[in-house]
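Residue 222 in full-length UniProt numbering sits at position 222 of the sequence shown; the count goes up by one each step and never skips.
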Amino acid sequence: MARIVIVGAGIAGLSAADELRKNISKKHEIIILEKEKEYTFQPSIPWILNTSRNPIRIKKAYKRSRLKGVVFENKEVMSIDFLAKTIRTDRGEITYDYLVLTPGAKYAPERLSGFKECASNLYDPIQAEEISKKALDWGGKKITILVGALPYKCPAAPYESAMILQDYIFEKTGRKPRIEIITPENLPMPVAGEEIGSSVVSLLDSKGIKFFGNSKALSIDPWSRQIVFENSKKKEFDVLLGIPPHVLPEFLQGSPIQGANGWIEVDAKTLHTKLKNVYAGGDVVGIQISNGRLLPKAGVFAREQGRIIAKNIMHSFSGEWITDEFRGFGACFLETGGGKAGFASGKFVGPNVIVEMKKPSIFWHWAKMIFEKWWLYKYFKAGHSGA
1 MARIVIVGAG IAGLSAADEL RKNISKKHEI IILEKEKEYT FQPSIPWILN TSRNPIRIKK
61 AYKRSRLKGV VFENKEVMSI DFLAKTIRTD RGEITYDYLV LTPGAKYAPE RLSGFKECAS
121 NLYDPIQAEE ISKKALDWGG KKITILVGAL PYKCPAAPYE SAMILQDYIF EKTGRKPRIE
181 IITPENLPMP VAGEEIGSSV VSLLDSKGIK FFGNSKALSI DPWSRQIVFE NSKKKEFDVL
241 LGIPPHVLPE FLQGSPIQGA NGWIEVDAKT LHTKLKNVYA GGDVVGIQIS NGRLLPKAGV
301 FAREQGRIIA KNIMHSFSGE WITDEFRGFG ACFLETGGGK AGFASGKFVG PNVIVEMKKP
361 SIFWHWAKMI FEKWWLYKYF KAGHSGA
């Protein structure tokens with residue numbers, strides 16, 4: 001009998017657990033360690049900004065999981081002894097035979113001085129709801145959306161947030177808000193290529209949303225209400241919404257599997273780390289692709305990585321000298337407001353990155369809503385958070 005411990009029940013962790021439980025003997029244990037009591041469907045957070053969703057609607061209690069034969073333990077991992085194959089949590093220790101690391105990236109607003117004091121976190125459902133309540137009262141104030149550092153998860157989200165907010169405020173007040181996006185990226189969603197990035201800039205411009213790329217923030221001054229940039233330039237703001245810097249969870253920082261880019265180093269195809277029977281996927285891995293950038297931290301890749309990890313653990317059980325490989329096919333919705341969305345898809349891993357974007361339409365907006373319902377139904381029983 002083997003014990004497989006999955007750290008983190010996000011998209012990658014759930015995907016791995018589902019694939020394993022459907023295909024391996026019940027004599028093998030599958031245990032998920034998750035510090036949160038509830039799952040949040042991250043892609044739906046921008047919809048909170050226009051009140052078409054609320055935090056309760058996009059959350060599900062893990063106790064309502066449909067994954068039969070998978071044990072969920074609400075515990076926070078404090079450290080891992082890879083030699084002893086032992087995990088220390090806030091409530092005791094647990095050993096493993098196979099370890100799957102999918103805890104997700106940690107928000108680190110303290111890495112950007114002034115962020116906590118000045119900015120609302122667009123990736124926090126509660127703060128997103130607060131933004132939606134205040135947005136209609138901002139009058140003529142300029143709304144600045146700041147990407148705090150690279151890399152960050154959900155690459156389309158800052159642009160979706162800007163367009164959804166712009167549409168929401170205009171619909172409710174008849175007034176077009178002043179919105180700007182400031183990011184270290186040269187273009188939106190740069191991994192998708194210059195053509196798609198430029199088309200997103202044009203889309204933003206058509207809506208009156210200004211884009212400022214190649215702008216790396218060093219600090220935010222609460223007193224002067226200015227953002228200080230790497231080139232010593234400064235920019236004032238009225239209302240600041242942001243995406244905080246992302247880092248590895250503390251229990252993985254300084255570990256033997258942390259790579260030079262700050263994220264867990266894995267084989268790009270098998271998702272195996274350099275340690276035997278230790279795999280990692282989702283937002284904690286740093287996979288470099290052919291254009292020199294890191295593979296985006298996106299749910300579509302996390303889902304597939306979880307499945308590939310599960311397949312390779314199964315091959316290990318059977319003693320097969322074969323592996324399933326992560327091929328980097330991905331897709332991403334881009335909400336543009338007005339009940340429309342675009343859709344980018346392509347192959348991100350390999351000698352050439354090839355991605356195409358479908359024009360915004362009602363169809364892709366509905367496709368995203370259907371995917372949201374399917375995903376939550378697949379993994380959780382009916383009922384909202386804590387029900």
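Using N, Cα and C, we set each Cβ at its ideal position, and we do this for glycine too.
Nothing here was measured: the structure is a model prediction, and the numbers come from that model.
Distance CB(Glu180)-CB(Lys134) smaller than 8 Å: In this structure, the beta-carbon distance from Glu180 to Lys134 does not fall below 8 Å.
Start and end residues, alpha helix (DSSP H) containing Val300: Gly299 to Ser318
Which of helix, strand or coil DSSP assigns to Lys63: helix
Per-residue burial, Ser199 [other beta carbons within 10 Å of its own, 16 or more giving buried]: buried
Burial state of Tyr377, where buried means 16 or more other Cβ atoms lie within 10 Å: exposed
Alpha-carbon to alpha-carbon, Glu325 and Trp369: The sequence given here places Met at residue 369; Trp does not occur at that position. Going from the Cα of Met369 to the Cα of Glu325 covers about 29 Å.
Spatially closest choice to Ser79 from Val349, Leu252 and Phe348, by CA coordinates: Leu252
Within the region 126–212, ranges of the alpha helix (DSSP H) (whole runs, at least 4 residues): 157–173 and 194–206
Lys368, DSSP secondary structure in three states: helix
Assigned secondary structure, Ala260 (DSSP; H/G/I helix, E/B strand, else coil): coil
Status (buried if at least 16 other CB within 10 Å, exposed otherwise) for Ala84: exposed
Meets three-Cβ-pair contact criterion under 8 Å: the region 165–185 and the region 203–218: Contact between the region 165–185 and the region 203–218 is present, because at least three Cβ pairs lie under 8 Å.
C-beta atoms of Pro151 and His246 nearer than 8 Å: yes
Reduced DSSP category for Asn214 - H, G, I as helix; E, B as strand; rest coil: If DSSP states are grouped into helix, strand and coil, Asn214 belongs with coil.
Top-ranked residue by Cα proximity to Val5, from Trp374, Glu29 and Ile257: Glu29
Cβ contact check for the region 186–204 and the region 158–166: 3 or more pairs under 8 Å: Segments in contact, yes.
Same chain only: Cβ atoms within 6 Å of Glu93, ignoring 5 sequence neighbours per side: Thr86
Contact check, Tyr159 vs Pro177, beta carbons under 8 Å: no
Close beta carbons around Phe82, own chain, < 6 Å, minus the five adjacent residues each side: Leu275
Nearest-angstrom Cβ-Cβ length linking Gln305 and Gly282, presumed shorter than 8 Å: 6 Å
Per DSSP, the bridge partner or partners of Ser79: Arg88
Identity of the residues DSSP links to Asp221 by a beta bridge: Gln226
Neighbour-count burial assignment, Asp167, 16 or more Cβ in a 10 Å radius: buried
Neighbourhood of Gly193 by C-beta, 7 Å cutoff - its chain only, sequence neighbours within 5 removed: Apart from the 5 residues on each side of it in sequence, Gly193 sits with its Cβ closer than 7 Å to the Cβ of Val353 and Val355 in its chain, given in chain order.
CA-to-CA distance, Ile289 to Phe380, given in whole angstroms: 34 Å
Whole-number beta carbon distance between Ala9 and Glu98, since they are thought to touch under 8 Å: Correcting the residue type first, residue 98 is Tyr in the shown sequence and not Glu. No, Tyr98 and Ala9 are not in contact; Cβ-Cβ is about 16 Å, not under 8 Å.
Test item: CB-CB of Asn261 and Gly286 under 8 Å: yes
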